[in-house]
Structures are given as C-alpha cells and as structure tokens.
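Chemist:
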Ligand SMILES: [Zn+2]
Ligand SMILES: [Zn+2]
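Structure below.
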C-alpha cells in the first residue's frame, strides 16, 4: 500500500510503498477513504510528544471501510463505514477507565502518534476506537468531524449553555467554522469573533447571528453590549485572544479553550469572581462522542468546508494548513 511516513522527528514526509498491516485479535483494519490534516499532526511530524516510534504514519481524522477484523471482534463487520479520531483506544483497567472516563485513560493511545494513522491506504485501529459513519456523510466531509468537529461539538454540548443563551465562537477557521454551525443548531444566539472583516460574510452564512471584528472593536465590550456571553468557545490558539474575551462573560460565563496557545494565559481573577466566571479547556472525546458528532452533523446538515489533496501531496497539504492558507480543512484521499 501507499503510505506517508515521517522518518524521524522533524523529518520530511516520505511517500512509501509498505506492507498492508494485519489486525491483532482486538483490532480492525480500515481501508482509508479520507484523512483530515490537523494542526496536531505537527506532534508526529516534529516529535513534540514523548515516546513516538519512527517511522510513523500520522493522521487522526480517518474515515474508511472495515476491511478485516481481528478474531475477537464481533461488533464490526467487513464493509462497515467507520471513523477513527484522536482518541485511539484505552486500557479498560486504570482508575479513569474503571470510572468510564475513557478519554482520561492513563494508558490511552493517540491515533497517528502511538500507532500508524490515516495518511495511508490502510490503517489498523483498536476496536474501541471506531465510530460508525452515517450513510448520509461523504468520507471527505466526515474526516474533519473526527477532530475539529468532535472537539467543538463536544465542548459545546458539555457546557452549561442552554437554547437562547449567548454563545461566542472565537476564531473562524478549521474549528471555528464548525463551532458556529453546531452552536446555531443547538439553539444558541451565536456571536462570531474574528480579526478583520474577511470572514464576516462566511460566518453569518454559517449561522452566526452577530459578527464582531476584533481589530476594530473590543471583544469584551462587544459581548457585554449583547448581554454577556454564557460560553465563549475559544478556537484561536492565542493567549491574547483568550484573555481578551474574559471580560465579555455574563453571569456564570465560561471561556472554553479548545485551541492551545504555546504561551501561558493570564486571567484577571477579579473579573471571574464578579461573574462566577471560569476559563476551562476541552479535549475531543471518545469514539462514541465521535459517532454522536457524525450523527448530529448528518441530521442537521453540518459539513466542513474542505480542500482535498491526493495522499502523495500530503506535504503540500500540511504546509498550507500550517500557513493557514486552507479554507478551512485539508483532507487527503488515497
Ligand atoms: Zn486533530
Ligand atoms: Zn485506562
């Protein structure tokens, strides 16, 4: 099969011919139809996580068809459409797993870091890492939903916001353009926050009720003018951006960060005390959370805006993603 490997930490992508992998007893082999390119693929590419074995095939937004199942697997069959996201399986025995909190498993595997991911024609994943993909979703549309989609959908649905509440989505990019759609479909009053006016029309098309250009307006003041936000979903990986919205929270408001800035975020606690506000973080979810995301997306016609690339052009897709030149997610097809 064709696969795209990172030969070593910081190395360039290699397009190679390699053996089709065989599943172990509790694994499933997936014939890949599409794989999204995510900013977190930099962890495999640049060696930013400890303990990665190279060469490694990145990719944790994998959509395909079950091609072979291990001897112990009963819940998946050849031909099933499935997806594999960031959460690449768990141990079932650690303290977190014993509480059913699989995403916080002490021995969790990450797809494309701890085992080879979806930048390939085939991949093998643990049975518990698979989500069923609804028929109504194209593989290329479903792929980004397995990381960018689940992260925003799951963060919003686990917040305390209720229909009618003011919910802001900061950043109109790979995550934000999906967050706006989920917030809209959840019944929130949606504010899109972004720098400049380039993305205004697109944000309003996607379902935002308001648009705030944070270059010409103070984000916190604009949110207060609208009544104060119950939730700000912060997708831009920038400490300045996160700090700029804390003052825009209403009573019991929460800034939920899903983009990870490289620098530390400073928060004015006086502001938080005054509103019972908080700043928190959220990370993707389990395979069933992925499936919920896919099902809701199919039900409500939420799709990502994508650019597709051939597998052999993974390097080009990755560079364009890093430079924020892709509108809004890059997807590889084998
Ligand atoms: Zn990702
Ligand atoms: Zn565990």
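Numbering (our numbering), first residue to last: 82 to 415.
For glycine and all other residues, C-beta sits at the position ideal for the given N, C-alpha and C.
On a predicted model such as this, the values are computed, not experimentally measured, just so you know.
Which residue or residues does DSSP assign as beta-bridge partners of residue 385?
Modeler: In the DSSP output, where bridge partners are listed per residue, residue 385 has none listed.
Chemist: Can you pull every residue whose C-beta falls closer than 7 Å to some heavy atom of ligand 1, listed in chain order?
Modeler: Selection output, chain order preserved: 119, 120, 121, 141, 142, 167, 228 and 229.
Chemist: What did DSSP end up calling residue 207 once you bin it into helix, strand or coil?
Modeler: In the structure shown, residue 207 sits in a strand (DSSP, three-state: E or B).
Chemist: Alpha carbon to alpha carbon, how far is residue 232 from residue 189? Give it in angstroms, no decimals.
Modeler: About 17 Å.
Chemist: Where does residue 214 sit, in a helix, a strand or coil, going by DSSP?
Modeler: It is coil, neither helix nor strand.
Chemist: Just curious, the beta strand (DSSP E) that residue 410 is in, first and last residue?
Modeler: That run of the beta strand (DSSP E) goes 410–414.
Chemist: Does the beta carbon of residue 116 fall short of 7 Å from some heavy atom of ligand 2?
Modeler: The answer is no for residue 116.
Chemist: May I ask whether a heavy atom of ligand 2 can be found less than 7 Å away from the beta carbon of residue 171?
Modeler: Answer for residue 171: yes, Cβ within range of ligand 2.
Chemist: Does any heavy atom of ligand 2 sit closer than 7 Å to the C-beta of residue 367?
Modeler: Not under cutoff, so the answer is no.
Chemist: Since residue 193 and residue 122 should fall inside the 8 Å C-beta cutoff, what is the C-beta to C-beta distance between them, to a whole number of angstroms?
Modeler: Right, the Cβ-Cβ distance comes to about 7 Å (below 8 Å), so this counts as a contact.
Chemist: Hey, quick one: how far does the beta strand (DSSP E) through residue 326 stretch, first residue to last?
Modeler: Segment 320–326 is the alpha helix (DSSP H) holding residue 326; no beta strand (DSSP E) there.
Chemist: Alpha carbon to alpha carbon, how far is residue 352 from residue 219? Give it in angstroms, no decimals.
Modeler: In a straight line, the C-alpha of residue 219 is about 45 Å away from that of residue 352.
Chemist: Residue range of the alpha helix (DSSP H) that residue 98 falls in?
Modeler: From DSSP, residue 98 is part of no alpha helix (DSSP H) but of the beta strand (DSSP E) over 95–98.
Chemist: Please identify the residue among 409, 388 and 115 whose C-alpha is closest to the C-alpha of residue 166.
Modeler: Checking every option, the nearest Cα to that of residue 166 belongs to 115.
Chemist: Tell me the start and end of each unbroken alpha helix (DSSP H) in the segment 242–288 that is at least 4 residues and wholly inside, in chain order.
Modeler: DSSP runs (the alpha helix (DSSP H)) wholly in the segment 242–288: 257–266 and 281–287.
Chemist: Does ligand 2 have even one heavy atom less than 7 Å from the beta-carbon of residue 210?
Modeler: Because no heavy atom of ligand 2 lies under 7 Å away, the Cβ of residue 210 does not count as near it: no.
Chemist: Between which two residues does the beta strand (DSSP E) carrying residue 149 extend?
Modeler: That run of the beta strand (DSSP E) goes 143–150.
Chemist: Would you kindly check if the distance between the Cβ of residue 270 and the Cβ of residue 299 is under 8 Å?
Modeler: For residue 299 and residue 270, no; Cβs fall outside 8 Å.
Chemist: Following the continuous beta strand (DSSP E) through residue 230, name the residue where it begins and the one where it ends.
Modeler: Unbroken run through residue 230: none, as it is neither H nor E.
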